[in-house]
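**Student:**
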Amino acid sequence: MPHSEVIDHSKRRLFGLCRPAVQPRSEPRMNARPPFAVEESMFVRLCDGCGQCAAACPNQIIEMAGGVAAIDISYAFCDLCGQCQQACPTLALSGQKISTGLVATVSNSCENLYGYCGSCEDSCQYGALIWQDDAKPFIDADKCNGCGQCAQSCYTSMISFQLKR
């Protein structure tokens, strides 16, 4: 092997070091999960369906679905208190990311399009709901943790949730 080929390969590796590190993409959730849930594939292996997180949840939004913990924010929101995480004996809720796997969406029938409403204006303490006069609020999906607080404040039920993809 000629010496120049070896040098070319090492140069290529050197230039590769200058590239920015690629962040691994989060695995999409199959269901909405309690906050602090680890990545989905790990979560379904770790969660044994014991129900201790559901019993610890003061808002009673955690249920067992398919043998593992899931959340339902249809009638109450998650205040991200962490009691479910403290109760979990299997480390399924030991993740660093505080997210349910849901993201809010605002209906095109939002009252603020037709006149001032403002019921959800100050509902998001994480800055995900960005208020706009005479328009529906904008949801910053990167900041939305899917807690449901904004939906509970909307008296016309114009805020719904979808799994983040």
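First residue of the sequence shown? That's 1 in full-length UniProt numbering, and the numbers climb one at a time after it. Glycine included, every Cβ here is placed at the ideal spot set by N, Cα and C.
Hey, out of A55, Q125, C117, whose CA is closest to E132's CA?
**Tutor:** Residue identity differs from the one stated: residue 132 is Gln in this sequence, not Glu. Out of A55, Q125, C117, C117 has the C-alpha closest to the C-alpha of Q132.
**Student:** Only counting the same chain, and skipping five residues up and downstream in sequence, which positions put a Cβ closer than 6 Å to that of A87?
**Tutor:** Only Q52, C53, A56 meet the Cβ criterion.
**Student:** Three-state secondary structure (DSSP) at G121?
**Tutor:** Strictly speaking, residue 121 in this sequence is Glu, with Gly absent from that position. Note: E121 maps to coil in three-state DSSP.
**Student:** Quick check: the Cα distance between Q60 and A76, rounded to an integer number of angstroms?
**Tutor:** Going from the Cα of Q60 to the Cα of A76 covers about 8 Å.
**Student:** Report the rounded CA-to-CA distance for A92 versus M30, giving the unit in angstroms.
**Tutor:** Rounded to whole angstroms, A92 to M30 spans 15 Å at the Cα level.
**Student:** Just mark K97 as buried or exposed, buried being the case when its beta carbon has 16 or more other beta carbons within 10 Å.
**Tutor:** Looking at its Cβ environment, which holds fewer than 16 other Cβ atoms inside 10 Å, K97 is exposed.
**Student:** Can you tell me which of D142, S74, K136 puts its alpha carbon nearest to the alpha carbon of G148?
**Tutor:** When each option's Cα is compared against that of G148, the closest is S74.
**Student:** Per DSSP, what kind of secondary structure is Q162 in: helix, strand or coil?
**Tutor:** Reduced to three states, the DSSP call for Q162 is strand.
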